[in-house]
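Accompanying notes for the structure given below.
In this note's numbering, the protein residues as written are 227 to 437.
Quick look at the structure:
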């Protein structure tokens, strides 16, 4: 199990893209690595098998359950996120010693909304982001800092959110260097750019300089 890997369980449609990208950036900027089924386009792997493999390999998991409302087209609820959350909790509870040592962050758009549709997870520390990129970055940063047990020094969530705004402002120019347009970026494309930016603007150097 990779100690710095963070499994991401969230919607992957365009409506959630802003929050998803903010989560990815925050993970990289805090010195961790995001993982999700979209990182590989191997058609020989079933999606569910990919998810199980990633959960097994990742010490951390971020689970956003904010999009469980009825689908506009089919009028059916979207249960992929609660399903993957259940898999992760199951791994924590029943996996072998090298699998059970996990930590999870559950996100929703409202603090107590989950009680209306998934009340069995009452007692978990569920954090609300209010569909706000800056808030979701703070949630991710605070959780990762807490789970690192002080082994890493991180500035506050507001500072990392400011860095994300800087990254977004530079993103069009970064896309030009790889001959892409912002609206053409795939999940791996965005990950690569966010990872490279975070590596070239390292937080520890800024902290040491007092910035």
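The beta carbon of each residue, even a glycine, is placed where N, CA and C say it ideally should be.
Taking each of 234, 407 and 424 in turn and checking the Cα distance to residue 333, the smallest one comes out for 234.
Below 8 Å, enough C-beta pairs join the region 324-338 and the region 282-293 to call them touching: three or more. The three-state secondary structure of residue 356, taken from DSSP, is coil. In the DSSP secondary-structure assignment, residue 289 is bridged to 235 and 332. Rounded to the nearest whole angstrom, the C-alpha separation of residue 377 and residue 354 is 26 Å.
In this chain, the alpha helix (DSSP H) harbouring residue 308 covers 306-320. C-alpha of residue 252 to C-alpha of residue 390: approximately 8 Å in a straight line. Ranked by Cα distance from residue 240, the options 418, 421 and 413 are led by 413.
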